[in-house]
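**Student:** After the structure tokens below, expect a handful of questions from me.
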Amino acid sequence: MRLHTASEVISLARELESESAKLYRDLARRYPKNGDALALFAKENEGNIVQIERAYYGVITDAIEGGFAFDMESDEYTFDTSPEKDTGYPDALHKVISIEEKIVKFYSDAARQSDTLMADIPRAFRQVVKKRETRLTKLMQLL
Amino acid sequence: MALLEEAIKDLKIVKNYIGGEWVESKGTIQDVINPATGKLIAKVPISTKDETEAAIKAAREAFPAWRTTPPLARVRCLFRLKELLEQNFEELSRIQTQEHGKTIDESRGETRRGIENVEVACGIPTLMMGYNLEDIASGIDEYVIRQPLGVFGIIAPFNFPFMIPLWSGPYAVATGNCIVVKPSPEVPNSQMRLAELIEEAGFPVGVWNVVNGEREVVSTLLESPDIKGIAFVGRTSTARDVIYRKCGETGKRVIAQGAAKNFMVIMPDCNVERTIPALMTSFFGNTGQRCLSGANLLIVGEDDQFYKDFLNRVVEAAKNIVIGYGLDESVQMGPVRSKDKKERIVADIESGIKEGAKLILDGRKGFKVTGNYPLTCFLGPSIFEGVKPEMKLAREEIFGPVMSVLRASTLDEAINICNASRYGNGNAIFTSSGKSAREFQYRVVSGNIGINIGIVAPMAFFPFSGMKDSFFGILHTQGQEAVRFFTESKVVIQRWL
Chain G
1 MRLHTASEVI
11 SLARELESES
21 AKLYRDLARR
31 YPKNGDALAL
41 FAKENEGNIV
51 QIERAYYGVI
61 TDAIEGGFAF
71 DMESDEYTFD
81 TSPEKDTGYP
91 DALHKVISIE
101 EKIVKFYSDA
111 ARQSDTLMAD
121 IPRAFRQVVK
131 KRETRLTKLM
141 QLL
Chain Y
144 MALLEEAIKD
154 LKIVKNYIGG
164 EWVESKGTIQ
174 DVINPATGKL
184 IAKVPISTKD
194 ETEAAIKAAR
204 EAFPAWRTTP
214 PLARVRCLFR
224 LKELLEQNFE
234 ELSRIQTQEH
244 GKTIDESRGE
254 TRRGIENVEV
264 ACGIPTLMMG
274 YNLEDIASGI
284 DEYVIRQPLG
294 VFGIIAPFNF
304 PFMIPLWSGP
314 YAVATGNCIV
324 VKPSPEVPNS
334 QMRLAELIEE
344 AGFPVGVWNV
354 VNGEREVVST
364 LLESPDIKGI
374 AFVGRTSTAR
384 DVIYRKCGET
394 GKRVIAQGAA
404 KNFMVIMPDC
414 NVERTIPALM
424 TSFFGNTGQR
434 CLSGANLLIV
444 GEDDQFYKDF
454 LNRVVEAAKN
464 IVIGYGLDES
474 VQMGPVRSKD
484 KKERIVADIE
494 SGIKEGAKLI
504 LDGRKGFKVT
514 GNYPLTCFLG
524 PSIFEGVKPE
534 MKLAREEIFG
544 PVMSVLRAST
554 LDEAINICNA
564 SRYGNGNAIF
574 TSSGKSAREF
584 QYRVVSGNIG
594 INIGIVAPMA
604 FFPFSGMKDS
614 FFGILHTQGQ
624 EAVRFFTESK
634 VVIQRWL
């Protein structure tokens, strides 16, 4: 589905963060050895939603008055979080890594597209990208 | 994307907020219809003279204690209000979409702009300061202090149900005045929710009152000797012939903002990629129901190819605007506020055809509404070509999603066309030439000027200006000018013997 309005893109950000948080909580339960680290990622996702929404609510007028519109395809970023049967820890982690890469792409694309008209939004998106890149390194270490 | 949940779920019975009490009106009752769904969402009273007088009395009685409340304590109420507005941001925005029809992004933008005025008014301890000079003569000092006047009336239109009373209200109360707000009866829910938050923020009773209604409320405010000034936004005929005139007769201060017919001037050297989206929101944002909306697209130059290519892109972009219920996140343009308004806009389109302009995009038909909603209040974008400055289409406000395209050979001619308009609200030029921009800014008689900006909406710390038949008064709403409007300058000259 093509996304054009700021509201649609922020809703997708919220959905991606919530879905991936759910996945981390599930993994934390299933693999208690690294449970604390995985649960922390879920908590960080909640913080990301707050950060993105705060930036969006703060500058939405700039977007409207500048005639800004996104052009993104939601299917490129959505992912399946349903647990696969008999999945071992490495496979589960590989799945999470590929999801994280999709989310990084989402935020990077959204930051690039909103660069011209809004100051705070691309900055907030890029901060999440940075956090997620650090997270990817940590996930690799958990493998 | 799914439809966002509605904020107003059950039928609301709107009451007046007078002296800290929620009072049921004895006046007649009017329906408030969601223009997108056709659903009845509220019943609003058309309050009586007695009820308006009760609100004025409550405000008058609250004034002595409120004006002696230290400014720092007064703005603490505003700080609490700001926090409550943030907490209820989404609900407030969805109420606007439900009662007005605008898209959720537009409503959120409106909520933000309203909150920004509360934020600026929180600076009253600094903004309200006077000034002084020692030794104006031997041993004599002189200083200016700013004092509140008493009770003010705020009369709001339908197009920004949440924000417009906040252009004045926060400054009025922060400077120590008390107010009576009259929202538009078409969209009363936003001000009702705001009044609930005012109450929760701990404003003393009587400082902020809301009376719903129509002419009788307005006349009572205008006639009352207790009302020291009026801030009004609405039609030019009402602004000039009723509000401005009556305030003059009764010695009241006045801010009366009227209609507009804004020109968006396109120079051949503009950045086309950036200009087209800005024009879409300028002309069709808020479904054209905005006094800063573009109305006339004035393309400058003799280059027919540029004109043709530019106009084709404008038409294509307008055709692609997604129309529907504003709570659907994919929607880019909602309905107009009511069936009557739609009929009036359609009549203006028909009159434009009769005048000889060419309707190249017909918003009366052939547009698609996302979702299954009655078409009662929906219109698509309309674009007229071959419009001449003398046509009614180019002269009179339509207040709907209609673009009139005109041509001028030179910037000089374009400026003359802009200045021949009776209105002067928000005109803009799109160019990459500093010289053209400066010329436009310097010569065009308009309260707000845009340079590569389609909606010339001043931020809360700048005045919302207007000229010619778009504004009647001297000082404006917002920022320092609002502080001046709501205070009297008292000069003290002292010598201690």
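Read top to bottom, the protein sequences are chains G and Y. Per the working numbering, residue 1 is the first one in the first sequence, and the count goes up by one each step. Per the working numbering, residue 144 is the first one in the second sequence, and the count goes up by one each step. C-beta atoms are modelled at their ideal positions from N, C-alpha and C, and glycine is treated no differently.
Are any of the Cβ atoms in chain G nearer than 9 angstroms to that of residue 475 of chain Y?
**Tutor:** Yes, residue 475 of chain Y lies at the interface with chain G (some Cβ there is under 9 angstroms from its Cβ).
**Student:** Is the Cβ of residue 425 of chain Y closer than 9 angstroms to any Cβ of chain G?
**Tutor:** For residue 425 of chain Y, the answer is yes, since a Cβ of chain G falls inside 9 angstroms of its Cβ.
**Student:** Closest by CA to residue 12 of chain G, which one among G/37, G/65 and G/49?
**Tutor:** Answer by Cα proximity: G/49.
**Student:** So the beta strand (DSSP E) residue 618 of chain Y belongs to, where does it begin and stop?
**Tutor:** Taken as a continuous stretch (DSSP letters only), residue 618 of chain Y belongs to no beta strand (DSSP E), as it is neither H nor E.
**Student:** I want to verify the contact list: residues of chain G whose CB lies under 7 angstroms from the CB of residue 251 of chain Y, in sequence order.
**Tutor:** Neighbours of residue 251 of chain Y on chain G, chain order: 57 and 60.
**Student:** Just checking: is the beta-carbon of residue 247 of chain Y within a distance shorter than 9 angstroms of some beta-carbon in chain G?
**Tutor:** Chain G, which has a Cβ nearer than 9 angstroms to the Cβ of residue 247 of chain Y, makes this yes.
**Student:** For residue 448 of chain Y, which three-state DSSP category applies?
**Tutor:** Helix.
**Student:** Please list the segments of the beta strand (DSSP E) lying wholly inside the stretch 324-372 of chain Y, counting only runs of 3 or more residues, in order along the chain.
**Tutor:** Listed in chain order, they are 351-353.
**Student:** Would you list the one or two residues that DSSP bridges to residue 547 of chain Y?
**Tutor:** Beta-bridge pairing links residue 547 of chain Y to Y/439 and Y/527.
**Student:** Could you give the C-beta distance for residue 155 of chain Y and residue 184 of chain Y, rounded to a whole number, given that I count them as a contact under 8 angstroms?
**Tutor:** About 7 angstroms; that satisfies the 8 angstroms criterion.
**Student:** In terms of DSSP beta bridges, what is residue 183 of chain Y paired with?
**Tutor:** The partner list for residue 183 of chain Y (beta bridge, DSSP) reads Y/176.
**Student:** Excluding five sequence neighbours on each side, which residues of the same chain lie with their C-beta closer than 6 angstroms to the C-beta of residue 579 of chain Y?
**Tutor:** Once the five neighbours on either side are set aside, the close Cβ partners of residue 579 of chain Y are 410 and 554.
**Student:** Could you name the residues of the same chain whose beta carbon sits closer than 7 angstroms to that of residue 39 of chain G, not counting the 5 residues immediately before and after it, in chain order?
**Tutor:** Within the same chain, residue 39 of chain G has close Cβ partners 24, 25 and 28.
**Student:** Are the CB atoms of residue 305 of chain Y and residue 398 of chain Y within a distance shorter than 9 angstroms?
**Tutor:** Not closer than 9 angstroms, so no.
**Student:** Taking only the alpha-carbon atoms, compute the straight-line gap between residue 255 of chain Y and residue 264 of chain Y and give it to the nearest angstrom.
**Tutor:** Distance between the alpha carbons of residue 255 of chain Y and residue 264 of chain Y: 14 angstroms.
**Student:** Residue 30 of chain G: buried (16+ other C-beta within 10 angstroms of its C-beta) or exposed?
**Tutor:** Classification for residue 30 of chain G: exposed.
**Student:** Is there contact between the stretch 230-247 of chain Y and the stretch 190-205 of chain Y, where contact requires at least three CB pairs shorter than 8 angstroms?
**Tutor:** At 8 angstroms Cβ cutoff, the stretches do not touch.
**Student:** Taking Cβ to Cβ, would you say residue 371 of chain Y is nearer than 9 angstroms to residue 439 of chain Y?
**Tutor:** No, the Cβ-Cβ distance between residue 371 of chain Y and residue 439 of chain Y is not below 9 angstroms.
**Student:** Which residues share a DSSP beta bridge with residue 165 of chain Y?
**Tutor:** Bridge partners of residue 165 of chain Y: Y/160.
**Student:** Tell me where the alpha helix (DSSP H) around residue 501 of chain Y begins and ends.
**Tutor:** Unbroken run through residue 501 of chain Y is the beta strand (DSSP E), 501-504; no alpha helix (DSSP H).
**Student:** What are the partner residues of residue 289 of chain Y, as DSSP defines its beta bridges?
**Tutor:** DSSP output for residue 289 of chain Y lists Y/632 as bridge partner(s).
**Student:** To the nearest angstrom, how far is it from the Cα of residue 101 of chain G to the Cα of residue 582 of chain Y?
**Tutor:** The alpha-carbon atoms of residue 101 of chain G and residue 582 of chain Y are separated by roughly 51 angstroms.
**Student:** Quick one: residues in its chain with C-beta nearer than 7 angstroms to the C-beta of residue 610 of chain Y, no 5 flanking neighbours on either side, listed in chain order?
**Tutor:** Only 567, 588, 589 and 590 meet the Cβ criterion.
**Student:** So, with DSSP's three-state summary, where would you put residue 400 of chain Y?
**Tutor:** Strand, per DSSP.
**Student:** For chain Y, check one thing: does any of its Cβ atoms lie closer than 9 angstroms to the Cβ of residue 11 of chain G?
**Tutor:** Closer than 9 angstroms to some Cβ of chain Y, the Cβ of residue 11 of chain G qualifies, so yes.
**Student:** According to DSSP, is residue 207 of chain Y helix, strand or coil?
**Tutor:** Residue 207 of chain Y falls in the helix class under three-state DSSP.
**Student:** Write down the C-beta distance between residue 525 of chain Y and residue 506 of chain Y rounded to the nearest angstrom, noting that I regard them as a contact closer than 8 angstroms.
**Tutor:** Right, their Cβ atoms sit about 4 angstroms apart.
**Student:** Please list, in chain order, the chain G residues whose beta carbon lies closer than 9 angstroms to that of residue 313 of chain Y.
**Tutor:** In chain order: nothing, as chain G lies at least about 17 angstroms away.
**Student:** Enumerate in chain order the residues of its own chain whose CB-to-CB distance from residue 462 of chain Y is below 6 angstroms, with the five nearest sequence positions on each side excluded.
**Tutor:** Result list for residue 462 of chain Y: empty, nothing under 6 angstroms.
**Student:** Taking a cut of 9 angstroms between CB atoms, which residues from the stretch 574-600 of chain Y lie near chain G?
**Tutor:** So the list reads 596, 597, 598, 599 and 600, given in the order they occur along the chain.
**Student:** Over what stretch of residues does the beta strand (DSSP E) that includes residue 407 of chain Y continue unbroken?
**Tutor:** Note, residue 407 of chain Y: beta strand (DSSP E), 405-409.
**Student:** Within the 9 angstroms Cβ cut-off, does residue 237 of chain Y reach chain G?
**Tutor:** False, the Cβ-Cβ gap to chain G never drops below 9 angstroms.
**Student:** Taking all protein chains shown into account, decide if residue 361 of chain Y is buried (16 or more other Cβ within 10 angstroms of its Cβ) or exposed.
**Tutor:** That one is buried.
**Student:** Since residue 335 of chain Y contacts residue 465 of chain Y with CB under 8 angstroms, what's their CB separation in whole angstroms?
**Tutor:** Wrong, their Cβ atoms sit about 30 angstroms apart, outside the cutoff.
**Student:** Looking at the C-beta of residue 69 of chain G, does it have a partner C-beta in chain Y at a distance below 9 angstroms?
**Tutor:** Yes, because at least one Cβ of chain Y sits closer than 9 angstroms to the Cβ of residue 69 of chain G.
**Student:** Residue 421 of chain Y versus chain G: which residues are under 7 angstroms apart at the beta carbon?
**Tutor:** Under the 7 angstroms cutoff, chain G gives 66 and 67.
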